[in-house]
Each structure stands twice: as structure tokens, then as C-alpha cells.
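Notes follow the structure.
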Amino acid sequence: MKHVFKRPKALIDVAFHFCPGCHHGIIHRLVAECIDKYGLMKETIGVASVGCSVFLYDYINVDVVEAPHGRAAAVATGVKRSRPGNFVFTYQGDGDLAAIGTAEIIHAANRGEHITVIFVNNTVFGMTGGQMAPTTMVGQETTTTPFGRDPDMNGFPIRMAELLGDLPGTTFVARTAVNNPKNLMRAKKLLRKAFEVQINNEGFGFIEFLSACPTNWKISPERAAKRVQEEMIPYFPLGVFKEGRE
Amino acid sequence: MSDMEFIKGNEAIAMGAIEAGCRFYFGYPITPQNDIPEYMARHLPEVGGTFIQAESEIASINMLLGAGATGARAMTSSSSPGISLKQEGISYMCGSQIPGVIVNMSRSGPGLGGISPSQGDYFQATRGGGHGDYRTIVLAPHSVQENYDLTMRAFDLADKYRNPVVLLGDALLGQMKEPLRKKKYKEKEFPKNWVMSGAKGRKPRLLKSLYLSEGELTEHNWMLYKKYQRMKREIRYEAQLLDDAFLVVVGFGSVARILKTSVQMAREKDMKVGLFRPITLFPFPYAALEKVSLAVRNFMAVELNTGQMVEDIKLAVGHKKNQVDFYGRPPGSIPSPDELFWEIKKVYKKRVG
Chain S
890 MKHVFKRPKA LIDVAFHFCP GCHHGIIHRL VAECIDKYGL MKETIGVASV
940 GCSVFLYDYI NVDVVEAPHG RAAAVATGVK RSRPGNFVFT YQGDGDLAAI
990 GTAEIIHAAN RGEHITVIFV NNTVFGMTGG QMAPTTMVGQ ETTTTPFGRD
1040 PDMNGFPIRM AELLGDLPGT TFVARTAVNN PKNLMRAKKL LRKAFEVQIN
1090 NEGFGFIEFL SACPTNWKIS PERAAKRVQE EMIPYFPLGV FKEGRE
Chain L
650 MSDMEFIKGN EAIAMGAIEA GCRFYFGYPI TPQNDIPEYM ARHLPEVGGT
700 FIQAESEIAS INMLLGAGAT GARAMTSSSS PGISLKQEGI SYMCGSQIPG
750 VIVNMSRSGP GLGGISPSQG DYFQATRGGG HGDYRTIVLA PHSVQENYDL
800 TMRAFDLADK YRNPVVLLGD ALLGQMKEPL RKKKYKEKEF PKNWVMSGAK
850 GRKPRLLKSL YLSEGELTEH NWMLYKKYQR MKREIRYEAQ LLDDAFLVVV
900 GFGSVARILK TSVQMAREKD MKVGLFRPIT LFPFPYAALE KVSLAVRNFM
950 AVELNTGQMV EDIKLAVGHK KNQVDFYGRP PGSIPSPDEL FWEIKKVYKK
1000 RVG
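Here the protein sequences line up with chains S and L, keeping their order. Residues 890 to 1135, numbered by this note's numbering, are exactly what the first sequence covers, in order. Residues 650 to 1002, numbered by this note's numbering, are exactly what the second sequence covers, in order.
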């Protein structure tokens, strides 16, 4: 009998700690599938960030070093420069990458570091209990924007993929989502490209996943997936923002 | 003397690092240590090494964390305000047991302060500096030769203990030129069964400092504490003229260098003055100084700050802590040997009574 669906080898056989309806588990699985697909399990060095994503090492069966909050791209730079033959990726949330780690991600991208960055944008600080993130939508209520995000007060949600796609140092930059099967299938393809640019020594690969956080959004998983479609995608359009070096 | 070269202090550090096998340098410009990154940028490529001018001190220390995690010999250098920015990364490196060498050619503070020599970073260097209960080995050179020698030693100690090592100098030690005798580095083997290299033929490895399970972090902290205790075997100090001393002057780094002349001047005036110079600031030579205090009655700490190491001296001499005098010179000017001689004389007279 042919297996049509099974756990990727790179995914450890344990239950995720993520809340119901959170997209981290799906994205973890996609990453593990990609590691399997390119036979990278023995070559990969992952860099874990701070936030809900920190437990990457409990799920992905590869060498992992934990970075301070926001510094994953700098840590990955040190790892990759020292071990150019290994596959090096970071996995970071929006608080980590787009707030405290803005300098590190922009400059790693601008140097064209040969790393793959997986960025999970759920418009909120998850682990700390639902505070405003740089990606929080205008009007979105969080624990630190109890009256909704007011651009006069808090500025606007930051579009990281567009920002990084504009840098001459990057090779592949895309935004995707996993809120429905169609987007999921497309996400798989884009993630592969973000892997391939590093595998082929072509430079910096970045992929942003729009993700749901039903717990901190205080809505059901079903409505959360719908919110990704109806509210996030219009502001954070899916697509490829950079392909190939300038 | 043909094998001696006339070398600037900062460059001696860079040379010692490359000789010791350092192949990765990450840094950000700040006076008065720019000769180190400049030397590295020019000379690391010659040995197949990598130099990155990072976007910040924070990025530099995290690149060091990344390279260190792979088991590579790597270094960053900076000066006081930049070292403050690195503290987060140093704490993580200690927590995850990742080696690396951090050079602080300190300048003066607080804040932007100035670029003159200072020893105001003593507490920061010896008490950990960042958050959490951790220590780094701290080496304090007092000459260009020691800049070179102790940098080489720093790499060995970092690997031996899987811990960051801080080389604490200052603007004076970085900027002055002295004869240097280069030495061949003796290759040493250290276990590498923890490094990030891809899980080929083995189980995946994890380098982390997050411990959330009941009791796990307690155990982790005690384990680190025991390691810091083991570091005591690395204690180094220099002692001069202690045998008949009535007063022992204690200083480290650049000020110890000046004190050597001042103590000599005192001896010429028949004053029984000795010198004690800690070379490792952490671990501090408490036991050695305590032993000195069994025979010597009076102590005097001299520092380029308003009084930091003097606290360790008082801890070391215990029951004689009221016999410890202090002369401090906060940053802005460097005391001459004459000035320090006069300060020593004042204390000496007071203690003779």
C-alpha cells in the first residue's frame, strides 16, 4: 500500500503545544516537509527565536541554537559564515523580527546572507499575551491598544516582505498564507523556493506566513482563518516581491 | 632584540587572536579600539578568515554567538558603551555555554563619557554585566606584550570552559606602542561534542538557555556556578616587593603599569611598599591577597574610577578591611608616576602614624 500522507521525518512525533487554530503547527509541518524533500535533516542548523516559536527545537529534528529576542538573523549570520556547507534557517514571529529585531533582519538581508528566514506574522505578540505588534492592523484591539490601533499614536502595520524585497541584497522574498487549502498549496511551493535559493548558493531567502492567533484575537479558529482572508490579505497582499538578484 | 617589533596595543590583540586561530571577527566602530577591526579586516582574509562590520554591537555579539555555537574561534571587540549593548548576548552565551572572546578597550562613562582611559567597567566585567546569575573570565593586561599573550590565553579559556572570556583593557593599553615579541600558539584540543554542525551520524543537538520545567533552571544555575568555581584554577596575579612590605599597593591594568614606577620611587625613599596586580579580575585572587594580609598590615587600592576593585580587596583582606585606603582617579586625565608616588606617601605616613 502506498503512503499518501505521513509525518515528515524531520518532524518529531509529539503533540504541538500551540493553541487550537494557531497556524504555527501547519507552518512547522511545511518546514519539516521541505527539510525532508531536500534531504537536509543531517545538514540543517535551525535558529530558534523568542515567542511562541521558541519551541521549534521540540518539533523539528535538527541541530538548533536559540537566539536572543530579535537576534536570530545575526546569530544565523555567524552560524552560516562559519558553516557555509550547512543549511541554516531562522523561524521568527512578528514581534521578534519586525519590532526588536528590525535592524538584524534588514542588515542580514542587505548583506545577502545565505540563509532562509521563515517569518510568521499573526499581527500580535502571542506568547506574552496579545500585545500590539508592529504588524497589528489599524483599529485592531490588543491588550496594549485596548481602543484599537490608532495610527496617530502607534503608526501603521509594517509590511516586511515589501520592505525586504526592495533591498538589492535579497534573492527571494514572498508572502503567503495557510488559511485555506489553496493558499496552503501555494505556500508549499514558495517555501521550497526560499529553501532552494540557499541550497543553490543564490543568497537570502525570506518567506512571510500570514498566520492566525485565535487565542489572542479572542475569536474562534474558524473566524480567525476567515480574518486572515478578509482583513489581513487585503493589507498584506500575497505574492512574490523578489525573485533573483538585481 | 631582533625578534621584537614595535606594535600598538590594539594591534597586538588582533595579532594574538589570529595567531590563536581566531577566524571570525564581528564588530562595530568605536573609539579607542578601531585598530582591532581595521587590522582584522585587512589580515583575516589572508588566513581564510571572515571579517564582518556589523550593523550594531548587538548584531556583533549575536554573530559571535552564532559562530561560537559552531565551535569556531571568534571574537568581537568594542569599548564601554558598545560593551553595554553586548551584555544581552553575553548573558545568552553564558546561559547556553557558548564560547567567545570579547575585548573591552574601555573608555570613560557614564553615558557617552569620553574617550580617555578608565577602569569604570570593572563591576560590569567582573559581576557578569548582563541579566542573570553568571560570570565571565576577565583578563586584565597591563602591557602590549600582555595584550598579545592574554588574548591567546582568552581563546583557550573560552574553549576550556565553554564560556565567554572578557579581555579588559583601556584606551591607554590600546593606543600605546611597545616592543612585542610574537609567540607561536601551541595548538590545544578541546571537546567539540556540543557544536552545531548538522546532525550527521548523531542525534540533533540543542544550545539553549530557556529552562521552564520544574527545577530545571535551578539545576542549570548550580551547574554554571560550579563551573565558575572551577575557574579559580585560572587565577593569575603579579606580586612585587611583598616580603618586607609595610604597605601593599593594589592596581590592575594600565594603572598598575604606572604604579610599578611609583612603587620603585617609594623604595628609593626607603618606604617599604609592595605591589599586587590581579591579572584575572574574575576569578579575583582573593585567597592570594588574603595570604598577603597575614603578613602585611596596610593596603592601598588605586583605580581609574571612584572605587570598584577596592571592594574586592576589602573582601579579600577581611579583618583588615579598615586598613585599606583608596586613591581613585575618575576618567579625564591619567595620573603620572610622581602623582601616584605622592598619594602612596600620604597613605604611608598616615599608617606609620
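A virtual CB, placed ideally from N, CA and C, is assigned to each residue, including glycine.
CB contact below 9 Å: residue i versus chain L
{"i": "S:G967", "result": "yes"}
{"i": "S:A998", "result": "no"}
{"i": "S:F976", "result": "yes"}
{"i": "S:M930", "result": "yes"}
{"i": "S:P869", "result": "Any property of residue 869 of chain S remains undetermined from this structure, which presents chain S solely from 890 to 1135."}
{"i": "S:S942", "result": "no"}
{"i": "S:D925", "result": "no"}
{"i": "S:E993", "result": "yes"}
{"i": "S:R970", "result": "yes"}
{"i": "S:T860", "result": "The first residue shown for chain S is 890 and the last is 1135, placing residue 860 of chain S beyond what the model contains."}
CB contact below 9 Å: residue i versus chain S
{"i": "L:Y886", "result": "no"}
{"i": "L:R691", "result": "no"}
{"i": "L:I747", "result": "yes"}
{"i": "L:F804", "result": "no"}
{"i": "L:Y677", "result": "no"}
{"i": "L:E704", "result": "yes"}
{"i": "L:G697", "result": "no"}
{"i": "L:N812", "result": "no"}
{"i": "L:A661", "result": "no"}
{"i": "L:N870", "result": "no"}
Per DSSP, cross-strand counterpart(s) of residue i
{"i": "L:L817", "result": "L:N753"}
{"i": "L:L896", "result": "L:V922, L:N947"}
{"i": "L:V844", "result": "Paired residue(s): none; L:V844 is not in a bridge."}
{"i": "S:Q981", "result": "S:F1008"}
{"i": "L:V787", "result": "L:V815, L:F931"}
Residue i in three-state terms, based on DSSP
{"i": "L:Q702", "result": "strand"}
{"i": "S:R1064", "result": "strand"}
{"i": "S:T933", "result": "strand"}
{"i": "L:R906", "result": "helix"}
{"i": "S:E1132", "result": "strand"}
{"i": "L:Y860", "result": "coil"}
{"i": "S:I949", "result": "strand"}
{"i": "S:K926", "result": "helix"}
{"i": "L:E952", "result": "strand"}
{"i": "S:G1018", "result": "coil"}
{"i": "S:F894", "result": "coil"}
{"i": "S:T1059", "result": "strand"}
{"i": "L:L873", "result": "helix"}
{"i": "S:L1053", "result": "helix"}
Beta-carbon gap between residue i and residue j smaller than 9 Å
{"i": "L:T929", "j": "L:L734", "result": "no"}
{"i": "L:Y783", "j": "L:Y877", "result": "yes"}
{"i": "L:K918", "j": "L:K833", "result": "no"}
{"i": "L:T725", "j": "L:E706", "result": "yes"}
{"i": "S:A1101", "j": "S:C923", "result": "no"}
{"i": "L:T817", "j": "L:Y886", "result": "Per the sequence presented here, residue 817 of chain L reads as Leu, with Thr not at that position. Cβ distance not < 9 Å, so L:L817 and L:Y886 don't count as in contact."}
{"i": "L:F933", "j": "L:I884", "result": "yes"}
{"i": "S:F1095", "j": "S:V1006", "result": "yes"}
{"i": "S:V903", "j": "S:Y948", "result": "yes"}
{"i": "L:V948", "j": "L:V898", "result": "The displayed chain sequence assigns Phe, not Val, to residue 948 of chain L. In this structure, L:V898 lies closer than 9 Å to L:F948 by Cβ."}
{"i": "L:H791", "j": "L:A905", "result": "yes"}
{"i": "L:N954", "j": "L:P979", "result": "yes"}
{"i": "S:M1049", "j": "S:I994", "result": "yes"}
{"i": "L:R946", "j": "L:K969", "result": "yes"}
{"i": "L:I751", "j": "L:T785", "result": "yes"}
{"i": "L:T719", "j": "S:S971", "result": "yes"}
{"i": "L:A915", "j": "L:Y976", "result": "no"}
Start and end residues, beta strand (DSSP E) containing residue i
{"i": "S:N1010", "result": "1005 to 1010"}
{"i": "L:P927", "result": "922 to 927"}
{"i": "L:K826", "result": "826 to 830"}
{"i": "L:D974", "result": "973 to 977"}
{"i": "L:E654", "result": "653 to 657"}
{"i": "L:A723", "result": "723 to 727"}
Extent of the continuous alpha helix (DSSP H) run through residue i
{"i": "S:F1095", "result": "Where S:F1095 is concerned, there is no enclosing alpha helix (DSSP H), although the beta strand (DSSP E) it sits in stretches over 1093 to 1099."}
{"i": "S:E1030", "result": "No alpha helix (DSSP H) holds S:E1030; DSSP gives it neither H nor E."}
{"i": "L:K809", "result": "793 to 810"}
{"i": "L:G676", "result": "Counting along the chain, L:G676 falls outside any alpha helix (DSSP H), though it belongs to the beta strand (DSSP E) covering 673 to 676."}
{"i": "L:E887", "result": "Per DSSP, L:E887 belongs to no alpha helix (DSSP H); it is in the beta strand (DSSP E), 886 to 889."}
{"i": "L:R691", "result": "684 to 692"}
{"i": "S:I1088", "result": "1070 to 1088"}
{"i": "L:Q773", "result": "771 to 775"}
Distance cut-off 8 Å: residue i Cβ against heavy atoms of the ligand FMN
{"i": "S:E922", "result": "Among the ligands in the structure shown, none appear at all, so the ligand FMN cannot be discussed."}
Where the stretch 843 to 863 of chain L meets chain C: residues whose CB sits under 7 Å from a CB there: Structure shown: chain C not included; protein chains present are S and L.
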